[in-house]
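Residue numbers (my numbering): 6 to 252.
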Ligand code: PGA
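In C-alpha cells form, the structure reads like this:
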C-alpha cells in the first residue's frame with residue numbers, strides 16, 4: 006500500500022516569521038492526518054520551518070537543490086545544507102523552474118541523482134503544456150519527462166521518489182484536470198516507471214498538482230492511481246491546506 010502524501014509548495018511566498026506562524030497554525034489541524042504531510046517553504050525559510058514543525062507530523066521539503074556537492078556556484082543550494090537543516094524532501098523540475106530558470110530534463114535528472122545519493126527524497130514534477138494537451142500528446146510528454154528524470158536511478162531508490170503530475174495549464178489557473186484525466190495520465194506515468202523497474206512501479210507515489218484545493222481533493226484522492234497532491238495556492242492558508250490534508 007502506498008501512503009498518501011500531501012505537500013504544500015509555497016513557491017516564493019512567506020517570510021521566515023510568516024513561515025513560523027503558518028506552520029504553528031497548521032500543526033494542530035493536521036495532527037491526526039492519515040496522509041504524510043510536507044510543507045516546502047523558500048530555502049531561506051527552511052531553518053525557521055524546521056524549528057516551527059518540531060515535534061509535529063509535518064515534514065519539510067525544499068523547492069530546489071543543485072547537483073554539485075559544493076563549490077563556485079553562486080546562489081545555488083547544496084544537498085548537505087538542506088540535510089543539515091532537517092529537510093527530507095526536495096521538489097525537482099517544477100514547471101516554473103523549467104520555464105523561468107532554464108531547468109531541463111538533463112538538469113532535473115542530475116539533481117535527482119544527487120539528491121538520492123545524499124539521502125534527500127525527490128518530488129519530481131512532470132506535466133504537459135496546454136499546446137501539448139491540445140495536440141493529444143500528454144502521454145508522450147509525461148512518459149519522456151519521467152524516463153529522462155529517472156535515467157541512472159537504481160531500483161532500490163524508487164521507493165524514495167515521489168512524482169508529481171502537474172499539467173502546466175492547471176497550475177495557478179483554477180483549472181484542474183478531471184479526476185479521470187488525472188488518473189489516466191498518472192497511470193501512464195506509472196506504466197513508464199514499470200517499463201524501467203517492473204513491479205517496483207507499484208511502490209512509487211504519484212501526486213496530482215494543479216489547482217488542487219479543499220473542494221476537489223477528496224474526488225482526486227479517491228482515484229485508484231492518485232497517491233497525493235502537490236498544492237500551491239491552497240497551501241498558503243492553514244485552514245485550506247488542512248482541508249486538503251484531511252480530504
Ligand atoms: P497551484 O500550484 O495549486 O497553485 O495550482 C500547484 C503547483 O505549482 O505545485
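For each residue, glycine too, the CB sits at the ideal point set by N, CA and C.
Taking residue 82 as the centre and dropping the five residues before and after it, the same chain places the C-beta of 48, 67, 69, 70 and 71 closer than 8 angstroms to its C-beta, in chain order.
DSSP, reduced to helix, strand and coil, places residue 189 within a helical segment of the structure shown.
Within the same chain, and ignoring the five residues on either side of residue 150 in sequence, the residues whose Cβ sits closer than 7 angstroms to its Cβ are 110 and 131. Setting aside the 5 residues that flank it on each side, residue 75 is surrounded in the same chain by 83 and 85, each with a C-beta closer than 8 angstroms to its C-beta; the list follows chain order.
Between residue 62 and residue 77, the C-beta spacing is not below 9 angstroms. Residue 233 counts as buried, since at least 16 other C-beta atoms from the protein chains shown sit within 10 angstroms of its C-beta.
For residue 235, the shortest separation between its Cβ and any heavy atom of the ligand PGA lies below 8 angstroms. For residue 199, the three-state secondary structure derived from DSSP is helix. Between residue 7 and residue 210, the CB-CB gap stays under 9 angstroms. Per DSSP, residue 221 is not a residue of any beta strand (DSSP E), being assigned neither H nor E.
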